[in-house]
Each structure stands twice: as C-alpha cells, then as structure tokens.
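The structure appears right after this line, and notes come after that.
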Amino acid sequence: GENVEQHPSTLSVQEGDSAVIKCTYSDSASNYFPWYKQELGKGPQLIIDIRSNVGEKKDQRIAVTLNKTAKHFSLHITETQPEDSAVYFCAASIVMIGGTSYGKLTFGQGTILTVHP
Amino acid sequence: EAQVTQNPRYLITVTGKKLTVTCSQNMNHEYMSWYRQDPGLGLRQIYYSMNVEVTDKGDVPEGYKVSRKEKRNFPLILESPSPNQTSLYFCASTTPGLAGAPGTGELFFGEGSRLTVL
Numbered sequence: 078g079e080n081v082e083q084h085p086s087t088l089s090v091q092e093g094d095s096a097v098i099k100c101t102y103s104d105s106a107s108n109y110f111p112w113y114k115q116e117l118g119k120g121p122q123l124i125i126d127i128r129s130n131v132g133e134k135k136d137q138r139i140a141v142t143l144n145k146t147a148k149h150f151s152l153h154i155t156e157t158q159p160e161d162s163a164v165y166f167c168a169a170s171i172v173m174i175g176g177t178s179y180g181k182l183t184f185g186q187g188t189i190l191t192v193h194p
Numbered sequence: 038e039a040q041v042t043q044n045p046r047y048l049i050t051v052t053g054k055k056l057t058v059t060c061s062q063n064m065n066h067e068y069m070s071w072y073r074q075d076p077g078l079g080l081r082q083i084y085y086s087m088n089v090e091v092t093d094k095g096d097v098p099e100g101y102k103v104s105r106k107e108k109r110n111f112p113l114i115l116e117s118p119s120p121n122q123t124s125l126y127f128c129a130s131t132t133p134g135l136a137g138a139p140g141t142g143e144l145f146f147g148e149g150s151r152l153t154v155l
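Residue numbers (the numbering used here), protein chains in the order written: chain A, 78 to 194; chain B, 38 to 155.
Set out below in structure tokens:
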C-alpha cells in the first residue's frame, strides 16, 4: 500500500519568514495530494490540494509543488503569521476519474509549525 | 451549518468496557471514515464506508467495529477497549466524484474524540 513520509516533524520560524514542509510517497499510481491544517483542539481542514496533472498550485500565501518523477511534493507558506501555527498533514490518494469510487487517503506523520511573533 | 458531529468529545473508560463513539454528518455524503491520531504517527485510517451497508477495513482495524445503517451515521464500536486504543479519534466524510467528473477529494472532519482507556 501507499506510504507517505513527512518532514520535518517540527518547524519553528519567525513571523514573516517562509516555511517549507516536504512529503514523499511510494505508490506511483497516486494522483491526488491534499494538505490539511489542524488547529489546536480541532479537526484537520483542507487548505490546498494538487493533482498529478499539474506541477504547482498557488493560493495567496500558500503553494504546493509536485515532482512526480521523484515522488515528492511540498507545501510552501510565505510571509508566515502567528495564525499559521498549527499541525500540517500531507496526504496521497488515488482518485478515480469517471467513476463513483473514492481512493483511500494515506496521511503523513504531521509537522508542528510554530510561528514566533 | 454543514458539519460532522462526534460524541463524546472526551471519554475515560476502563479496559474491557464496551463503548461507542457516534458520528453524524448533515451533508448527505456517501463516504465516511474513522481515523486515529497518535503522536509521530499522523492520521491512520481505521474503517471506511463508501455508502450505506458498505464498509471496509483501513490500515488499523483491529479491535474496532463499525456499521453504516443510515447514510448520515457511522458509529465506531470498541467491543473490549484496551490501553493501546487510547488515542484521538476523528470521523470524516466526503462525497466521491460523480461519474464523468473528478471528486473534490476534500474530507470534512469532526472535532475529534479523545479516548483514554485505563
């Protein structure tokens, strides 16, 4: 089955700096890569995702890049703010196109991001 | 308000005492799933359900049972809890892609149920 490795496990940055979290996956058939943010005491929430037919996607201060050949993808947060402090999870899945099935989502181990004011 | 509701949010129990964690969603989602979150291990899938009466094992199903008798509910049952089931549990739901169009893939999570087994 799919295996997703996420690094680093903890990341501490100063407000305004950039933060990068990296993930690698094992199953070359995976085609959907979401990132979830989990704030303290809450459930994870989707912040951005990317499909295997694109190499990069950006949404304001957040961007995700995908390297299918190397089987890794990364989350980039620019101009970090204290409210970015949270646990971030990457995940990988095979999403069926043209059918009604939903692929199993495998999560990474999580990264605790702390942004110091 | 669209949401996934879990109960209880916190529970301390003893080894062997059967318990059920309920999960309900009001978004008419076909797909529901249970995860457990442990430090350093991320989120691991316990069971999932593609639709009513259709369930399947995830990565760590041992010691758990589920049922899906109604679309909105997906309870997690611990028949004989043990200390290694002490964890933070999340229920999630989504709607898979319709024929001819890719699914959004977004999972909607509940707020979690923290379970301690003594």
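C-beta atoms are modelled at their ideal positions from N, C-alpha and C, and glycine is treated no differently.
Membership of His193 (chain A) in the beta strand (DSSP E) is indicated by the continuous run Thr188 to His193. Within the region 102-129 of chain A, contact with chain B at the beta-carbon level (separation under 9 Å) is assigned to Tyr109, Pro111, Tyr113, Gln115, Gly118, Lys119, Gly120, Pro121, Gln122, Leu123, Asp126 and Arg128. Along the region 56-83 of chain B, going in chain order, the ones with a CB nearer than 9 Å to a CB of chain A are Glu67, Tyr68, Ser70, Tyr72, Gln74, Pro76, Gly77, Leu78, Gly79, Leu80, Arg81 and Gln82. A contact between stretches requires three or more CB pairs, one per stretch, nearer than 8 Å, and the region 90-103 of chain A fails this requirement with the region 114-124 of chain A. Comparing C-alpha distances from Ala163 (chain A) to each of A:Arg138, A:Gln122, A:Leu190 and A:Ile127 shows the shortest one belongs to A:Leu190. Closer than 8 Å to the CB of Phe146 (chain B) there is at least one CB belonging to chain A. Boundaries of the beta strand (DSSP E) harbouring Thr92 (chain B): Val91 to Lys94, taken from the DSSP string. The criterion of a C-beta distance shorter than 8 Å is satisfied by Tyr68 (chain B) and Ser130 (chain B). Think of a sphere of 8 Å around the beta carbon of Phe166 (chain A): the chain B residues whose beta carbon falls inside it are Gly79 and Leu80, in chain order. By the neighbour-count definition (other C-beta atoms within 10 Å, threshold 16), Ile49 (chain B) is an exposed residue. Interface annotation, Glu143 (chain B): in contact with chain A, CB-CB separation under 8 Å. In summary, Ser86 (chain B) is buried, with 16 or more beta-carbon neighbours lying within 10 Å of its beta-carbon over all protein chains present. Annotation: Glu156 (chain A) is outside any beta strand (DSSP E) and is labelled neither H nor E by DSSP. A distance below 7 Å between beta-carbons, with the five flanking residues on each side excluded, links Glu156 (chain A) to the following residues of its chain, in chain order: Gly93 and Arg138.
Contacts with chain A (Cβ-Cβ distance below 8 Å) from the region 91-125 of chain B involve Gly95 and Asp96, listed in chain order. Thr52 (chain B) is a Cβ neighbour of Val154 (chain B), given a cutoff of 8 Å. Buried is the label assigned to Gln83 (chain A), since at least 16 other Cβ atoms lie within 10 Å of its Cβ. Residue pairing from DSSP leaves Gly93 (chain A) without any beta-bridge partner. Straight-line spacing of the CA atoms in Ser119 (chain B) and Gly95 (chain B) works out to 19 Å. Using beta-carbon distances, Gly53 (chain B) does not count as an interface residue toward chain A, since no partner is under 8 Å.
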